[in-house]
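In the numbering used here, the protein residues as written are 818 to 1018.
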């Protein structure tokens, strides 16, 4: 069955996000930056934001455990936007081309509800997407099957109707197990050929 619509991840697919972009400037020594991101504000800790926990509530236990890092812990929210290095041009171009071709486009992202508006203001490409499912709104994350099911229900397509684009291999595997076509986004230059191979462009 031919793919009819595209379901986009957002972080590191449409816009580049990396905490190290901020903390490499925050800490003078690379080793201290590494220690902070591996022992204090870790990606495992950050998951709570994507599940709907507020920045304020999530940092409170860390501030008690690591008072010497208080400024850096607060910076995860107060300097959140310094973690971004802008939109990915190849994805922006693909979204515009798909829009011109009349292909429906949506987003499915693990993301905090507190930053959604700011992230989607980063590129006019977001205006081409007709709907969003964000993990924080239902306290479930990819690759939980229920969040993919919600996207299908909300957007009115079956799994096999979608091309799902994500930078996470786990999320790609989760989508494929449910019947989605999927493209693992690792090289921006490979995106348009993947769309063309499916007859979307």
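Just so you know, even glycine gets a beta-carbon here, dropped at the ideal spot from N, CA and C. Remember, it's a predicted structure, so these values are computed and weren't measured experimentally.
It is roughly 22 Å from the alpha-carbon of residue 977 to the alpha-carbon of residue 945. By the C-beta criterion, the segment 831-842 is judged to be in contact with the segment 924-944, since at least 3 inter-stretch pairs fall below 8 Å.
Pairing residue 915 with residue 906, the inter-Cα distance amounts to about 14 Å. Around the Cβ of residue 928, a 10 Å sphere holds 16 or more other Cβ atoms; the residue is buried. Ranked by how close their Cα comes to the Cα of residue 861, the residues 933, 958, 827 and 884 have 958 in first place. Annotation: residue 930 is outside any beta strand (DSSP E) and is labelled neither H nor E by DSSP. Approximately 6 Å separates the beta-carbon atoms of residue 931 and residue 871; this is inside 8 Å, confirming the contact. Distance from the CA of residue 820 to the CA of residue 996, rounded to the nearest whole angstrom, comes to 12 Å. Counting along the chain, residue 902 sits inside the beta strand (DSSP E) bounded by residues 901-904. Cβ neighbours of residue 912 within its own chain (closer than 7 Å, five residues either side excluded): 922, 942 and 945. Measuring C-alpha to C-alpha distances from residue 863 to each of 974, 1011, 879 and 846 identifies 879 as the nearest. Taking every protein chain shown into account, the CB of residue 937 has 16 or more other CB atoms within 10 angstroms, so this residue is buried. The segment 879-895 makes no contact with the segment 981-994, as fewer than three CB pairs between them are under 8 Å. Shown here, residue 1018 sits in coil according to DSSP, grouped into three states, outside any helix or strand.
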